[in-house]
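Enquirer:
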Amino acid sequence: KMESKGSILIKLLLLFQLSILCLSQQQDFDFFYLVQQWPGSFCDSKKSCCYPTTGKPAADFGIHGLWPNYKDGTYPSNCDPNSPFDQSQISDLTSSLQKNWPTLACPSGDGIQFWTHEWEKHGTCSESSLKQHDYFETTLNLKQKSNLLEALTSAGIQADGNSYSLSSIKEAIEKGVGFTPFIQCNVDSSGNSQLYQVYLC
488 KMESKGSILI KLLLLFQLSI LCLSQQQDFD FFYLVQQWPG SFCDSKKSCC YPTTGKPAAD
548 FGIHGLWPNY KDGTYPSNCD PNSPFDQSQI SDLTSSLQKN WPTLACPSGD GIQFWTHEWE
608 KHGTCSESSL KQHDYFETTL NLKQKSNLLE ALTSAGIQAD GNSYSLSSIK EAIEKGVGFT
668 PFIQCNVDSS GNSQLYQVYL C
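Per our numbering, the very first residue in the sequence shown carries number 488; after that it's consecutive.
(1) Could you spell out where the alpha helix (DSSP H) holding LEU476 opens and where it closes?
(2) Evaluate ASP531 with the Cβ neighbour count: other Cβ atoms within 10 Å of its Cβ, from every protein chain shown; 16 or more gives buried, anything less gives exposed.
(3) One question on the structure: do CYS672 and TYR683 come within less than 8 angstroms of each other, judged by their Cβ atoms?
(4) Helix, strand or coil: which one does DSSP assign to GLY678?
(5) Can at least three beta-carbon pairs, one atom from the region 627-634 and one from the region 576-588, be found at a separation below 8 angstroms?
(6) First and last residue of the beta strand (DSSP E) that includes TRP525?
(7) Only counting the same chain, and skipping five residues up and downstream in sequence, which positions put a Cβ closer than 7 angstroms to that of PHE601?
(8) DSSP has VAL685 in a bridge; who is on the other side?
(9) Could you tell me the alpha carbon to alpha carbon distance between SER633 and ASN569, rounded to whole angstroms?
(10) Looking at the secondary structure, which residues open and close the alpha helix (DSSP H) in which ILE599 lies?
(11) Using the rule of at least 16 other Cβ atoms within 10 Å of the residue's Cβ for burial, across every protein chain shown, is ASN587 buried or exposed?
(12) Got a sec, what are the start and stop residues for the alpha helix (DSSP H) ILE550 sits in?
(13) Straight-line CA distance for TYR538 to PRO544?
(14) Since PHE518 sits in a beta bridge, which residues does DSSP pair it with?
(15) Compare the beta carbon distance of GLY598 and GLN585 with 8 angstroms and say whether it is the shorter of the two.
(16) Check whether the region 546-559 touches the region 650-662, counting contact only when three or more Cβ pairs, one atom from each stretch, lie closer than 8 angstroms.
(17) Which word fits PRO526, buried or exposed, when buried means at least 16 other C-beta atoms lie within 10 angstroms of its C-beta?
(18) Compare the Cα-Cα distances from GLY607 to each of TYR520, PHE519 and GLY552 and report the closest residue.
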């Protein structure tokens, strides 16, 4: 479990202070957020948590999604009901998706329902840039290039139950990945703030 200082108020983490503005080549949206989550923080909360049918995920950040966004803080969603998720289009990516984009929702699943949700809510809004296979492949490639776990461990920040300042977490990610992250925390079962999700533009 990676934790931030108890004095850090979660509401402050809702402020978007990205130093880099990432503009899309298309006009349908302005930029993407690559969102990754720490599985321990998903499970160590009051939410229900079930490991995938493929087994317990590794102690590493997992993909939540690749989300088109607007500069004003809003985002498009469910843009094309005529473009349903088609598992056959990503059959060559299934193994990598199960490893890097696991589901933790209950009841236990193989990831299909999670990927379906992400495609239909977010992926369909990026079709001007990324078709279905490209959407998932690109997301996997972006995760590989932005190794959050390596960036944090290289800075001495580990999932060891100790507390780390928000600034040290952000600095470690910025140094290791090259982008200033937006950090989202949640609260564990004991009421402590903990690192939950990292947004990269």
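Beta carbons: idealized from backbone N, C-alpha and C, even for Gly.
Expert: With the structure as the only source:
(1) Only positions 488 to 688 of the chain appear in this structure, which leaves residue 476 out of reach.
(2) The residue labelled residue 531 in the question sits at position 44 within the sequence shown. A buried status is given to ASP531, since no fewer than 16 other beta-carbon atoms sit within 10 Å of its beta-carbon.
(3) One-based indexing of the sequence shown puts residue 672 at position 185. One-based indexing of the sequence shown puts residue 683 at position 196. Taking 8 angstroms as the Cβ cut-off, CYS672 and TYR683 qualify as a contacting pair.
(4) Here residue 678 refers to the residue found at position 191 of the sequence shown. DSSP places GLY678 in coil when its eight states are reduced to three.
(5) Segments in contact, yes.
(6) Working through the sequence shown from its first residue, we reach residue 525 at position 38. Segment: none, TRP525 is in no beta strand (DSSP E) and carries neither H nor E.
(7) Against the sequence shown, residue 601 aligns to sequence position 114. If we look at PHE601 and ignore the five residues flanking it on each side, its Cβ neighbours are THR590 and ALA592.
(8) Taking the first residue of the sequence shown as position 1, residue 685 is located at position 198. BP columns for VAL685 point to GLN523 and ILE670.
(9) Sequence index remark: in the sequence shown, residue 633 carries index 146 (1-based). Sequence index remark: in the sequence shown, residue 569 carries index 82 (1-based). Using only the alpha carbons, I get a separation of about 32 angstroms.
(10) As a first step, residue 599 must be located in the sequence shown, where it is residue number 112. Where ILE599 is concerned, the enclosing alpha helix (DSSP H) stretches over 599-608.
(11) Here residue 587 refers to the residue found at position 100 when the sequence shown is read from its first residue. So ASN587 counts as buried.
(12) Working through the sequence shown from its first residue, we reach residue 550 at position 63. Segment 549-556 is the beta strand (DSSP E) holding ILE550; no alpha helix (DSSP H) there.
(13) Position 51 of the sequence shown holds residue 538. Position 57 of the sequence shown holds residue 544. Distance between the alpha carbons of TYR538 and PRO544 is about 7 angstroms.
(14) Residue numbering aside, residue 518 sits at position 31 when the sequence shown is read from its first letter. Per DSSP, ASN556.
(15) If you number the sequence shown from 1, residue 598 lands on position 111. If you number the sequence shown from 1, residue 585 lands on position 98. Yes; because the gap between Cβ atoms is below 8 angstroms, this pair is in contact.
(16) Contact between the region 546-559 and the region 650-662 is absent, because fewer than three Cβ pairs lie under 8 angstroms.
(17) For the purposes of this step, residue 526 is taken as residue 39 along the sequence shown, with counting starting at 1. A residue is called buried when at least 16 other Cβ atoms come within 10 angstroms of its Cβ; PRO526 meets this threshold and is buried.
(18) Reading the sequence shown from its first residue, position 120 is the one you call residue 607. According to the sequence displayed, residue 607 carries Glu and not Gly. Nearest C-alpha to GLU607: GLY552.
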